[in-house]
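**Student:**
Protein chains: 2
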Amino acid sequence: MSTVRGVRQPTIKEVASRAGVSPMTVSRTLAGGRNVRPDVQERVMAAVRELGYYRNENARSLRPGQPSGLIGVAITNLANPYYGNFALGVEEVAAEHGRRIILGNTGEDDARERQLVSDFIGRQVDGLILVPTSGDAAHLRPERLGEVPLVLASRRVPGLDADTVLLDDVGGAYRGTAALLDAGHTRIGFLGNRSSVFTGERRYRGYERAMTERGVPVDPAIVARDQQDVDAASRAARAMFDLADPPTAVFSANNRNTIGAMREIGRRLRDGVPGPRPAVVSFDDFELSELMPVPVTIIDHDARLLGREAATLLFSRLDGSAEGPARTVELPVSIESP
Amino acid sequence: MSTVRGVRQPTIKEVASRAGVSPMTVSRTLAGGRNVRPDVQERVMAAVRELGYYRNENARSLRPGQPSGLIGVAITNLANPYYGNFALGVEEVAAEHGRRIILGNTGEDDARERQLVSDFIGRQVDGLILVPTSGDAAHLRPERLGEVPLVLASRRVPGLDADTVLLDDVGGAYRGTAALLDAGHTRIGFLGNRSSVFTGERRYRGYERAMTERGVPVDPAIVARDQQDVDAASRAARAMFDLADPPTAVFSANNRNTIGAMREIGRRLRDGVPGPRPAVVSFDDFELSELMPVPVTIIDHDARLLGREAATLLFSRLDGSAEGPARTVELPVSIESP
DNA sequence: CCCGATGTTGGTAACGTTACCAACCGCGAG
DNA sequence: CTCGCGGTTGGTAACGTTACCAACATCGGG
């Protein structure tokens, strides 16, 4: 940490002496003014305005039992609009409860997550909301976190029992795949994340269940499960479509894979590559999907709502309205046919 | 089996007594261990691990001159990927300097911005980074902020002299419009924000300059400057294209207007509406632009870099390497023809 | 063997705030 | 006129931490 010029804000004492009262009277006035004469309150508020005084929140939260008013939020990738919306939802609910959020980006890095959580605890956060990097759970155990409540979002951590907010990944993937099967497709490819990614695994399970329930075998040749970014997804789609026996439809488990697949489909059409024009089901919405050259079904959801739900769960622990074992909220997803 | 209940965070005193030393020795050990015997350090670290101790950062920053390690960041709309990337850039540089960010969303609301800034100051932030809502500047004046340095991003505040990071809005819009003129277009529409939005005004100026420099008159009938969201942009594009004398090309001043225009263009093609297929220049990139049914030129830039630049400017003030009058950094934009 | 230098450790005070208690005021009831 | 009560105000201590200084141990050189 680099050196910093000292930040000299006026203190409560300076306000007090300017208003001709004691610091206690200033404190009482700022706390609502109970049992302070109206004319004294006015003098105090005038001094506050004149000096540009702000209460030192860090000093306030020093006394035990006092909340810091901060919620620690760690997400995996702020550049992804999904997590931006998620963070927005958390911020909204936090603001409704008079709290601020401290935000950290983990970049899917376990070490960074541990570092962020330590720092959040050190800053006396009132609660933690985390999109876990699915590493180990040691630093998230209650004995490490003390009394700080924790809510997991989007993913679970193996072996950790905590309040969790999830999407209906399995159900959404199941219904999306079923829609393709209902439309007569039997050769349906899968594009998604590897199984160590919690949502990747769940969405694959939904796909697999729909296929096997209808007696359609899953062909590993048209299942690609290791694409994290658009370029990798594009390459995986290309390999799949280049097969002698390419899929007639594709289930894409997330936004990144859908965009990659679309790029490859667009390229083939521009270059006049022969072959089927696959139907696509995408878990995650994307803009201008209606302008795509192939029919796209969207499994849609609201990341902002997910964030709101996570924060609501957290505050229900903070205000004591919820006690007992960890709860899981699974938000529904909607399906929009082209 | 009993649930592991969270416990109060241990203090430095408890660590000290467990390690059989004084709090000062614990403090010294955690501060790097200068002048502490190695075996004592080990005892202390063992106690720290056993008790799960974290330094109380709020208490640390209580002594004057000590930085809080927090940077206050207020942006207008976290749901917009542009600002998500911006926040990511700020977070990255802050993390490189061992700082965390407190994030607030203003939603373009002046009152909310004032409230956020007050709270940030009250939390003793070491610096502020703000995408201003372009309201008045009273709460951002140095006499209100004390010694807390401020960096504005994307926009200026009228009458406020502060470090600022901008895009080359005028130049980008000029070059984008010029590209259309070079391609032979003379009837070029404009879609953008109203002039009270800082970037809206600057981008219009670039468009206007390119037009007048080449002696092409600006026709108010094909200039629409009051669309904040996709639906409004779509309606404005529709009205423009429905004219007896519609534009053959469109300059769109931001992402939201581009998406709206694209929706309308796609609708007309689907519905077989007669008329020209306008070329489009878009200030802001968007995904799958290469799949659009009309040629799209992108004026691209890197919001994450903008965030990094803003944070770099802030830290140059914090570590004293930059002094003197307010500086403005204008980041270049690139043009990608279809 | 002593002395100063160096390394190690602990006590005290202070950062800004507020809970708690004590002191004081004015007013109405007895 | 006194007493007591409620409303108002101020003093003190404490929250967890670290800068500063004092105290003590150890060691090498004279």
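Chains as they are written, first to last, in the UniProt record's numbering: chain L, 1 to 338; chain A, 1 to 338. Idealized CB from N, CA, C, for every residue including glycine. Please read all numbers here as calculations on a predicted model, not as lab measurements.
What are the start and end residues of each continuous alpha helix (DSSP H) run of 4 or more residues lying completely inside the stretch 199-264 of chain A, in chain order?
**Tutor:** DSSP runs (the alpha helix (DSSP H)) wholly in the stretch 199-264 of chain A: 230-241.
**Student:** Taking any Cβ of chain L, which residues in the stretch 247-262 of chain A have a Cβ under 8 Å from it, in chain order?
**Tutor:** From the stretch 247-262 of chain A, only Ile259, Met262 have a Cβ closer than 8 Å to chain L.
**Student:** Are the beta-carbon atoms of A:Ala138 and A:Ala279 separated by less than 8 Å?
**Tutor:** No.
**Student:** If you draw a straight line from the C-alpha of A:Gln115 to the C-alpha of A:Gly72, how long is it?
**Tutor:** In a straight line, the C-alpha of A:Gln115 is about 12 Å away from that of A:Gly72.
**Student:** Is the Cβ-Cβ distance between L:Pro149 and L:Gly122 less than 8 Å?
**Tutor:** Their beta carbons are not under 8 Å apart, which means L:Pro149 does not touch L:Gly122 by this criterion.
**Student:** List in chain order: all unbroken beta strand (DSSP E) runs of 3+ residues lying wholly within the stretch 23-98 of chain A.
**Tutor:** Counting whole runs of 3 or more residues, the stretch 23-98 of chain A contains the beta strand (DSSP E) stretches 70-75.
**Student:** Give the residues of chain A in contact with L:Asn56, contact being defined as C-beta atoms less than 9 Å apart.
**Tutor:** Going along chain A in sequence order, the residues near L:Asn56 (Cβ under 9 Å) are Leu62, Gly122, Arg123, Gln124.
**Student:** Rounded to whole angstroms, what's the CA-CA distance from L:Val7 to A:Arg60? Just pull it up for me.
**Tutor:** Because the pLDDT at L:Val7 is just 40, under 50, the model does not fix this residue reliably, and the value given afterwards should be weighed accordingly. Spanning the two alpha carbons is a distance of roughly 14 Å.
**Student:** Determine the direct distance from the alpha carbon of L:Leu103 to that of L:Ala94, and round the result to whole angstroms.
**Tutor:** Each residue's Cα considered, the two are about 12 Å apart.
**Student:** Which chain A residues sit within Cβ distance under 8 Å of L:Arg114?
**Tutor:** Within chain A, no residue comes near L:Arg114; the closest Cβ sits about 12 Å away, beyond 8 Å.
**Student:** Under 8 Å, do A:Val151 and A:Ala322 count as touching if we go by C-beta distance?
**Tutor:** Taking 8 Å as the Cβ cut-off, A:Val151 and A:Ala322 do not qualify as a contacting pair.
**Student:** Quick check on the DSSP output: what are the complete alpha helix (DSSP H) runs of length 4 or more inside the stretch 94-169 of chain A, in order along the chain?
**Tutor:** The qualifying runs are 110-122, 142-145.
**Student:** Quick one, are the C-beta atoms of L:Phe190 and L:Tyr174 less than 8 Å apart?
**Tutor:** Result no, Cβ atoms of L:Phe190 and L:Tyr174 do not sit closer than 8 Å.
**Student:** Determine the extent of the alpha helix (DSSP H) in which L:Val21 is found, giving its start and end residues.
**Tutor:** Neither: L:Val21 is in no alpha helix (DSSP H) and is coded neither H nor E.
**Student:** What does L:Phe190 pair with, by DSSP beta-bridge criteria?
**Tutor:** DSSP output for L:Phe190 lists L:Val223, L:Phe251 as bridge partner(s).
**Student:** So residue 344 of chain A packs on A:Pro247, CB below 8 Å; how close in whole Å?
**Tutor:** Residue 344 of chain A lies beyond the range of chain A shown here (1 to 338); nothing can be said about it.
**Student:** Counting pairs of Cβ atoms below 8 Å between the stretch 70-85 of chain L and the stretch 19-30 of chain A, do you hit three or more?
**Tutor:** Taking 8 Å as the limit for Cβ pairs, the verdict is that the stretch 19-30 of chain A does not touch the stretch 70-85 of chain L.
**Student:** Excluding five sequence neighbours on each side, which residues of the same chain lie with their C-beta closer than 6 Å to the C-beta of A:Arg209?
**Tutor:** Correct list, in chain order: Tyr174.
**Student:** What does the alpha-carbon distance come out to for the pair A:Leu166 and L:Asn257?
**Tutor:** Whole-angstrom Cα-Cα distance: 33 Å.
**Student:** Is the distance from the Cβ of L:Arg194 to the Cβ of L:Arg155 below 8 Å?
**Tutor:** No, the Cβ-Cβ distance between L:Arg194 and L:Arg155 is not below 8 Å.
**Student:** Return the Cβ separation of A:Val216 and A:Phe251 in integer angstroms, given the expectation that the two are a contact with Cβ distance under 8 Å.
**Tutor:** Wrong, their Cβ atoms sit about 12 Å apart, outside the cutoff.
**Student:** Taking the CB atoms as reference points, tell me whether A:Val90 and A:Ile129 lie closer together than 8 Å.
**Tutor:** Taking 8 Å as the Cβ cut-off, A:Val90 and A:Ile129 qualify as a contacting pair.
**Student:** Would you mind sorting L:Arg34 into buried or exposed? The rule is 16 or more other CB atoms within 10 Å of its CB.
**Tutor:** So L:Arg34 counts as exposed.
**Student:** In its own chain, which residues sit with a C-beta less than 6 Å from the C-beta of A:Asp163, not counting the 5 before and 5 after it?
**Tutor:** Hits under 6 Å: Val151, Leu313, Ala326, Arg327.
**Student:** Look at L:Glu113 and L:Ala153 and say whether their C-beta atoms are less than 8 Å apart.
**Tutor:** Not closer than 8 Å, so no.
**Student:** When Cβ atoms are compared, which residues of the UniProt domain "HTH lacI-type" (10-64) of chain L fall closer than 7 Å to chain A?
**Tutor:** Those would be Gly52, Tyr54, Arg55, Asn56, Glu57, Asn58, Ala59, Ser61, Leu62, in chain order.
**Student:** How about A:Gly176 and A:Ile12: are their beta carbons less than 8 Å apart?
**Tutor:** No; because the gap between Cβ atoms is not below 8 Å, this pair is not in contact.
**Student:** Quick check: is the beta carbon of A:Leu305 nearer than 8 Å to any beta carbon in chain L?
**Tutor:** Not one chain L Cβ lies under 8 Å of A:Leu305.
**Student:** Using a Cβ-Cβ cutoff of 7 Å, what residues of the stretch 71-86 of chain A are near chain L? List them in chain order.
**Tutor:** Residues passing the 7 Å Cβ filter: Leu78, Ala79, Pro81, Gly84, Asn85.
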